[in-house]
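Whatever position you read off the sequence shown (first residue = 1), add 17 for this note's numbering. For reference, the structure is listed below as structure tokens.
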Amino acid sequence: MFSFFKKKSVSETPVAAPESTRSLAAQRQGWLAKLRAGLRKTGSSLAAVFSGTRIDEVLYEELESALLMADTGVKATQYLLDDLKDRVKDRQATAPAAVRELLVESLTTLLCALEKPLVIGPQKPTVIMVTGVNGAGKTTSIGKLARHLSDRGAGVLLAAGDTFRAAAREQLMVWATRAGSEASTRAMTIEIISQDGGDPAAVSFDAVSAGRARAKDVVLVDTAGRLPTQLHLMEELKKIKRVVQKADSGAPHEVLLVIDGNTGQNALTQVKAFDDALGLTGLIITKLDGTAKGGVLAAIARERPMPVYFIGVGEKLDDLETFNASEFAQALLA
């Protein structure tokens with residue numbers, strides 16, 4: 018059984034060789050540097066609130082504005098302000114810099130509701146259906162996820178179910194080839210099931226059946242991007258899910274929504290719509306290296322708690338990592 022979560026520290030991994038442990042730690046530090054850089058604009062705005070010398074209502078009003086501008090949303094912002102004031106009172110904080118550290122604690126506590134490992138293994142294959150709106154980075158994220166899983170020893174098969182979009186199958190094949198060739202722990206070809214212009218549900222059925230026959234650990238099902246307001250296409254997603262269940266009565270075991278981190282509060286709307294239609298089990302947040310503000314994760318945690326399995330900060334295969342609440346809070350408020 019595989020559990021894909023944060024890389025463990027030295028004390029948590031007694032069987033790892035020192036060189037291996039240092040390598041993993043270095044990789045994680047490099048990842049965190051990318052995340053901090055991606056969220057730097059928001060971090061600078063929030064940090065400016067704590068540059069003064071007094072803790073007063075002006076500070077809290079400025080912090081409220083900064084949090085709202087960071088896409089945190091009204092409910093999460095109010096929660097964070099109320100919780101922060103309680104922490105300041107309990108700790109008897111007297112300096113704005115200390116308040117910032119307490120806000121990191123408060124945000125971490127809120128985001129912990131999103132922190133959950135993606136577990137592969139109890140079902141074989143574990144069928145993961147991936148969806149999202151056009152341009153969210155869904156197919157790219159599938160390629161990165163395939164690499165992430167393959168790196169950790171999982172046999173992966175992809176279903177090219179996005180048959181509506183021109184060149185979608187080719188794009189997935191490119192990512193599959195790259196992910197397979199760059200898998201670091203062992204040489205492994207990531208296989209793909211596709212049909213030229215075929216029915217997405219039929220492709221998905223064939224992929225799940227092939228995954229069982231070939232003893233794969235994971236089947237990743239790509240689907241066509243669509244807006245939740247496109248009701249006929251949302252019905253197509255439901256059909257894919259039903260057909261996958263015919264191939265494997267317990268599948269899909271995970272239904273993931275890919276969200277563009279730049280979409281702000283609209284991301285929360287997407288989570289609600291796709292969850293209502295499909296019963297989401299988790300999220301992948303992409304493009305946190307651009308103008309993304311990051312606060313929307315707090316809004317999701319407060320209004321529609323949903324596991325965030327992975328977050329992405331770039332276009333490279335290794336620019337997708339497991340979500341860690343404390344790391345994200347530190348990066349956002351750095």
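Virtual Cβ for every residue (Gly too), placed ideally from N, Cα, C. Bear in mind the structure is a predicted one, so any value in this text is a computation, not a measurement.
Mapping DSSP to helix, strand and coil, what is residue i?
| i | result |
| --- | --- |
| Val150 | coil |
| Asp213 | coil |
| Glu362 | Coverage of the chain is limited to positions 18 through 351, which leaves residue 362 absent and any answer about it impossible. |
| Val330 | coil |
| Arg203 | Low local confidence applies: a pLDDT of 45 at Arg203 is under 50, so the model's placement there is unreliable, with the coordinate-based value given in what follows. It is coil, neither helix nor strand. |
| Asp336 | coil |
| Thr298 | coil |
| Ile72 | coil |
| Thr303 | strand |
| Leu52 | helix |
| Leu174 | strand |
| Asp168 | helix |
| Ala42 | helix |
| Asp277 | strand |
Assuming residue i and residue j form a contact by the criterion Cβ under 8 Å, report the distance between their Cβ atoms to the nearest whole angstrom.
| i | j | result |
| --- | --- | --- |
| Leu56 | Ala348 | 5 Å |
| Ala315 | Leu127 | 6 Å |
| Pro134 | Val235 | Between Val235 and Pro134 the Cβ distance is about 15 Å, and since that is not below 8 Å, they are no contact. |
| Leu350 | Val121 | 5 Å |
| Gly154 | Asp277 | 6 Å |
| Val136 | Leu119 | Rounded, the Cβ-Cβ distance is 33 Å, inconsistent with contact. |
| Leu237 | Val173 | 6 Å |
| Asp88 | Gly281 | 4 Å |
| Gly331 | Lys58 | Not really, about 16 Å apart at Cβ, beyond 8 Å. |
Cβ of residue i versus every heavy atom of the ligand ATP: is any distance shorter than 8 Å?
| i | result |
| --- | --- |
| Gln347 | For the structure depicted, the ligand ATP is absent and the ligand set is empty, with no information on it obtainable. |
Where residue i and residue j are concerned, what is the direct C-alpha to C-alpha distance, given to the nearest angstrom?
| i | j | result |
| --- | --- | --- |
| Ser221 | Glu79 | 50 Å |
| Arg117 | Ala65 | 10 Å |
| His310 | Ala232 | Before going further, note that residue 310 is Lys rather than His in the sequence given. Approximately 41 Å between the Cα atoms of the pair. |
| Asp179 | Gly47 | 33 Å |
| Gly90 | Pro217 | 36 Å |
| Thr303 | Thr157 | 10 Å |
| Val261 | Val225 | 7 Å |
| Ala130 | Asp239 | 27 Å |
| Gly69 | Pro113 | 7 Å |
| Ile207 | Arg259 | 25 Å |
| Leu49 | Gly329 | 11 Å |
| Ala294 | Ser266 | 19 Å |
| Thr111 | Ala93 | 24 Å |
| Ile209 | Ala176 | 6 Å |
| Met352 | Ala264 | The structure shown does not extend to residue 352, since the chain is modelled only from 18 through 351, so no value can be given for it. |
| Arg319 | Pro139 | 30 Å |
| Asp213 | Gln95 | 50 Å |
| Phe345 | Lys333 | 20 Å |
| Ala342 | Glu252 | 34 Å |
| Phe67 | Ala83 | 11 Å |
| Ala115 | Glu81 | 17 Å |
| Ala227 | Ser62 | 50 Å |
| Asp107 | Asp73 | 16 Å |
message: For the structure I just gave you, are there three or more beta carbon pairs, one from the stretch 244-254 and one from the stretch 286-302, closer than 8 Å?
response: Between the stretch 244-254 and the stretch 286-302, the count of C-beta pairs closer than 8 Å reaches three or more; the two stretches touch.
task: Report yes or no: do three or more beta-carbon pairs, one from the stretch 99-106 and one from the stretch 319-329, lie closer than 8 Å?
output: Contact annotation: the stretch 99-106 does not touch the stretch 319-329, with fewer than three C-beta pairs closer than 8 Å.
- prompt: Would you call the stretch 158-168 and the stretch 333-345 in contact, with 3 or more CB pairs under 8 Å?
  reply: Here the stretch 158-168 makes contact with the stretch 333-345; the two share three or more CB pairs at distances below 8 Å.
message: Going residue by residue through the stretch 87-146, where are the continuous alpha helix (DSSP H) segments of at least 4 residues, counting only ones entirely within it?
response: Those alpha helix (DSSP H) runs which fall completely within the stretch 87-146 and span 4+ residues are 91-108, 113-128.
task: Report yes or no: do the stretch 265-272 and the stretch 142-158 share at least 3 C-beta pairs separated by less than 8 Å?
output: With the cut-off at 8 Å, the stretch 265-272 and the stretch 142-158 touch.
- request: Can you check the stretch 223-266 for any alpha helix (DSSP H) of at least 4 residues that lies completely inside it and give the ranges in chain order?
  value: Complete alpha helix (DSSP H) runs here, min 4: 248-264.
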